[in-house]
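Asker: So that we are looking at the same thing, I have put the structure below in structure tokens.
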Amino acid sequence: MSESKPSNFHIVMFPWFAFGHFTPFLHLSNKLAEKGHTITFLLPAKAQKELQHLNLHPNLITLHPLTIPHVDGLPSGAATASDIPLSLDHLLVIAMDRTRDQVELVIKHTKPKLVFYDFSYWLPEITKPLGIKTINYSIVSAASIALALVPDPELQVPPKGYPSTSVVMRRHEARALSFISFPFGEGVSFYERITTSMKECDVISIRTCHEIEGKFCDYLGSQYNKPLFLTGPVLPEPAKTPLEDRWAKWLGGFQPSSVVYCAFGSQNILEKEQFQELLLGFELTGLPFLIALRPPIGASTVEEAFPEGFEERTKGRGVVSRGWVQQQTILAHPSVGCFVSHCGFGSMWESLMSDCQIVLVPQLGDQILNTRLMAEELKVGVEVEREENGWFSKENLCKAIMSVMEKDSEVGNLVRKNHVKWKNSLVNPEFMKGYTDKFAKDIQELVNK
Numbered sequence: 001m002s003e004s005k006p007s008n009f010h011i012v013m014f015p016w017f018a019f020g021h022f023t024p025f026l027h028l029s030n031k032l033a034e035k036g037h038t039i040t041f042l043l044p045a046k047a048q049k050e051l052q053h054l055n056l057h058p059n060l061i062t063l064h065p066l067t068i069p070h071v072d073g074l075p076s077g078a079a080t081a082s083d084i085p086l087s088l089d090h091l092l093v094i095a096m097d098r099t100r101d102q103v104e105l106v107i108k109h110t111k112p113k114l115v116f117y118d119f120s121y122w123l124p125e126i127t128k129p130l131g132i133k134t135i136n137y138s139i140v141s142a143a144s145i146a147l148a149l150v151p152d153p154e155l156q157v158p159p160k161g162y163p164s165t166s167v168v169m170r171r172h173e174a175r176a177l178s179f180i181s182f183p184f185g186e187g188v189s190f191y192e193r194i195t196t197s198m199k200e201c202d203v204i205s206i207r208t209c210h211e212i213e214g215k216f217c218d219y220l221g222s223q224y225n226k227p228l229f230l231t232g233p234v235l236p237e238p239a240k241t242p243l244e245d246r247w248a249k250w251l252g253g254f255q256p257s258s259v260v261y262c263a264f265g266s267q268n269i270l271e272k273e274q275f276q277e278l279l280l281g282f283e284l285t286g287l288p289f290l291i292a293l294r295p296p297i298g299a300s301t302v303e304e305a306f307p308e309g310f311e312e313r314t315k316g317r318g319v320v321s322r323g324w325v326q327q328q329t330i331l332a333h334p335s336v337g338c339f340v341s342h343c344g345f346g347s348m349w350e351s352l353m354s355d356c357q358i359v360l361v362p363q364l365g366d367q368i369l370n371t372r373l374m375a376e377e378l379k380v381g382v383e384v385e386r387e388e389n390g391w392f393s394k395e396n397l398c399k400a401i402m403s404v405m406e407k408d409s410e411v412g413n414l415v416r417k418n419h420v421k422w423k424n425s426l427v428n429p430e431f432m433k434g435y436t437d438k439f440a441k442d443i444q445e446l447v448n449k
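Structure (structure tokens):
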């Protein structure tokens, strides 16, 4: 059979209303636009402005704003997960479901060959009668889907045949996965939403690579009996925007690889006592640090939650900043030597691509599994030890940081060596190009079927 000639076609993207989903979907859109495809990217009007700068091909990628209907219980104007605490996500997803008529109109008007989605389990009901193919695109690790979101009626964890004994939850952590049985929308649980999305699509796709998660991907493909297309990590090009002057000046005052940088993503908010313990752990290291976290629960600013005397004692060597910072650019700064993160999937890839030592403090279920993948299987980082109630002490945080930062540390040297090996593979331009080219070929064959 002769190979079909590549042709450009139209694609619709419809990610869950969270920046941790918009961003990887848009990075993938950029890669597909480079291949000549046109894309309509559906998102709340409020998020359009914040994502515009990441659209590298505005002539091919149209950011199409949706009007988000109000749902009782959601704050007025809330349109993305960043606008609300995690506890209200189940209401935001109702708002997303209620954009269905708008989504259907766009699909009928733009006539795409392919639609990418993640949480909108009802989308194939629109596309199938129109003969449009769908891809359920997952931006979390294959391990976290394989552990908890396979179509297993008994919901045992880990499920039968799960391919790892180390990338697992410990007994006292099982509650971190309890949310999958909670309502997530009207008359549907999180588990039902995600498994239905994966069962009803034509192809499952995951933002990962076979080299790191091959056995989890193979297991998932067999469980769902579906083709599985991997995009690779789909990381953005290194940021061209220079580091903000205040951070460049501050970081420039320290020795190479001496500063510890900490960030936990846009949705993770600590309890006040845990927030204070974290700051005291950084103080205990004696190292310079830059922490970018949201204020803890019950506080309107980070400063009002500081432990007594903390600011005076760490003046000159420590900064705690509220809100967004240029994470990729900070990780690339020569003074930064360690990244303390929650191990969200995006941060996981960014840490692997950096030269920094890696310390992991996971907060949610999928982050715990990403952490086990990094610390137990790849052995590229160190997980902070916790009590059974989930609490981590300043001593354990300090111990984990020092274990990778001290020059003669056996652990530090081991994870550094492993990290360098993986980084060298990931930054090789041919590695990412290989995944992008294969993915482009796979979707071409899918739409030609």
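Residue numbers are given in the numbering used here: position 292 of the sequence shown equals residue 292, and the series is strictly consecutive.
Even glycine gets a Cβ: it sits at the ideal position worked out from N, Cα and C.
Comparing the CB of His210 with every heavy atom of the ligand SAM, is any distance shorter than 8 Å?
Answerer: By its list of ligands, the structure shown contains no ligand whatsoever, and the ligand SAM lies outside what it can speak to.
Asker: With a threshold of 7 Å on Cβ separation, who are the neighbours of Ser181 within its own chain once the five nearest residues in sequence on each side are excluded?
Answerer: Indexing the sequence shown from 1 puts residue 181 at position 181. Counting only Cβ-Cβ distances below 7 Å, and skipping sequence neighbours, we find Ser189 and Tyr191.
Asker: Using the Cα positions of His210 and Leu91, report the straight-line distance between them to the nearest angstrom.
Answerer: Within the sequence shown, the letter at position 210 stands for residue 210. Within the sequence shown, the letter at position 91 stands for residue 91. Rounded to whole angstroms, His210 to Leu91 spans 35 Å at the Cα level.
Asker: So, under 8 Å CB-CB, Val384 and Ile358 are touching, yes? Tell me the CB distance rounded to an integer number of Å.
Answerer: If you number the sequence shown from 1, residue 384 lands on position 384. If you number the sequence shown from 1, residue 358 lands on position 358. Contact doesn't hold; Cβ gap of about 11 Å is too wide.
Asker: Can you tell me whether Met198 is helix, strand or coil according to DSSP?
Answerer: In the sequence shown, counting from the first residue as 1, residue 198 sits at position 198. Three-state result, Met198: helix.
Asker: Tell me the DSSP secondary structure of Gly299 in three-state form.
Answerer: Taking the sequence shown and counting its residues from 1, the one referred to as residue 299 is at position 299. Per the sequence shown, residue 299 should be read as Ala rather than Gly. The answer is coil: DSSP assigns Ala299 none of H, G, I, E or B.
Asker: Using a Cβ-Cβ cut-off of 7 Å (strictly less than) and excluding sequence neighbours within five positions of Glu244, which residues of its own chain qualify?
Answerer: What you label residue 244 is simply residue 244 of the sequence shown in a count that begins at 1. Only Gln326 meet the Cβ criterion.
Asker: Buried or exposed: which applies to Trp324, given that a residue is buried once 16 or more other Cβ atoms fall within 10 Å of its Cβ?
Answerer: For the purposes of this step, residue 324 is taken as the residue at position 324 of the sequence shown. Exposed, since its Cβ has fewer than 16 Cβ neighbours within 10 Å.
Asker: Can you name, in chain order, every residue of its own chain whose Cβ lies under 8 Å from the Cβ of Asn8, other than the five neighbours on each side?
Answerer: Indexing the sequence shown from 1 puts residue 8 at position 8. Correct list, in chain order: Lys35, Gly36, His37 and Thr38.
Asker: List in chain order: all unbroken alpha helix (DSSP H) runs of 4+ residues lying wholly within the stretch 321-371.
Answerer: Here the runs fully enclosed are 327-331 and 345-353.
Asker: Verify whether the separation of the beta carbon atoms of Leu287 and Leu397 is less than 9 Å.
Answerer: Taking the first residue of the sequence shown as 1, we reach residue 287 at position 287. Taking the first residue of the sequence shown as 1, we reach residue 397 at position 397. For Leu287 and Leu397, no; Cβs fall outside 9 Å.
Asker: For the stretch 424-443 against the stretch 398-407, are there 3 or more C-beta pairs whose distance is under 8 Å?
Answerer: The stretch 424-443, when compared against the stretch 398-407, does not touch it at the 8 Å Cβ threshold.
Asker: Out of Ala305, Leu235, Glu303 and Ser164, state which residue places its alpha-carbon closest to the alpha-carbon of Ser378.
Answerer: The residue you call residue 378 lines up with position 378 of the sequence shown. It is Leu, not Ser, that sits at residue 378 in the sequence shown. Checked all of Ala305, Leu235, Glu303 and Ser164; the closest Cα to Leu378 is Ser164.
Asker: Just how far apart, CA to CA, sit Gly318 and Leu290?
Answerer: Residue numbering aside, residue 318 sits at position 318 when the sequence shown is read from its first letter. Residue numbering aside, residue 290 sits at position 290 when the sequence shown is read from its first letter. In a straight line, the C-alpha of Gly318 is about 6 Å away from that of Leu290.
Asker: Over what stretch of residues does the beta strand (DSSP E) that includes Pro65 continue unbroken?
Answerer: As a first step, residue 65 is located in the sequence shown; it is residue number 65 there, counting from the start. That run of the beta strand (DSSP E) goes Ile61 to Leu66.
Asker: Tell me which residues share the same chain as Leu117 and place their Cβ nearer than 6 Å to its Cβ, disregarding the 5 neighbours each side in the sequence.
Answerer: Here residue 117 corresponds to residue number 117 of the sequence shown, with the count starting at 1. The question names Leu, yet the displayed sequence has Tyr at residue 117. The answer, listed in chain order, is Phe14 and Leu123.
Asker: Does DSSP put Leu42 in a helix, a strand or coil?
Answerer: Looking up residue 42 in the sequence shown gives position 42. Leu42 falls in the strand class under three-state DSSP.
Asker: Below 8 Å, can you find three or more Cβ-Cβ pairs linking the stretch 223-231 to the stretch 263-270?
Answerer: Segments in contact, no.
Asker: For Pro43 and Leu56, which I take to be in contact (beta-carbon distance under 8 Å), what is that distance rounded to the nearest angstrom?
Answerer: Counted from its first residue, the sequence shown places residue 43 at position 43. Counted from its first residue, the sequence shown places residue 56 at position 56. The sequence given here has Leu at residue 43, not Pro. Not really, about 16 Å apart at Cβ, beyond 8 Å.
Asker: Just curious, the alpha helix (DSSP H) that Leu123 is in, first and last residue?
Answerer: Working through the sequence shown from its first residue, we reach residue 123 at position 123. Residues Leu123 to Thr127.
Asker: Rank Phe216, Leu177 and Thr40 by C-alpha distance to the C-alpha of Trp106 and give the top, closest one.
Answerer: Within the sequence shown, residue 106 is the residue found at index 106, counting from 1. It should be pointed out that residue 106 corresponds to Val in this sequence rather than to Trp. Minimum Cα distance to Val106 is reached at Thr40.
Asker: Tell whether a beta-carbon distance below 9 Å holds between Tyr137 and Leu147.
Answerer: As a first step, residue 137 must be located in the sequence shown, where it is residue number 137. As a first step, residue 147 must be located in the sequence shown, where it is residue number 147. Result no, Cβ atoms of Tyr137 and Leu147 do not sit closer than 9 Å.
Asker: Measure the alpha-carbon distance for Met198 versus Leu360 and round it to whole angstroms.
Answerer: Position 198 of the sequence shown, counted from the first residue, corresponds to residue 198. Position 360 of the sequence shown, counted from the first residue, corresponds to residue 360. Roughly 29 Å between the two C-alpha positions.
Asker: Pick from Pro238, Ile297 and Gln276: whose alpha carbon is nearest that of His27?
Answerer: As a working mapping, residue 27 is identified with position 27 in the sequence shown. Cα-wise, what sits closest to His27 is Pro238.
Asker: In three-state DSSP terms, what is His57?
Answerer: Residue mapping note: residue 57 aligns to position 57 of the sequence shown, counting from 1. Coil, per DSSP.
Asker: Per DSSP, which residues does Ile139 bridge with? Please list them.
Answerer: Within the sequence shown, the letter at position 139 stands for residue 139. DSSP lists no partner for Ile139.
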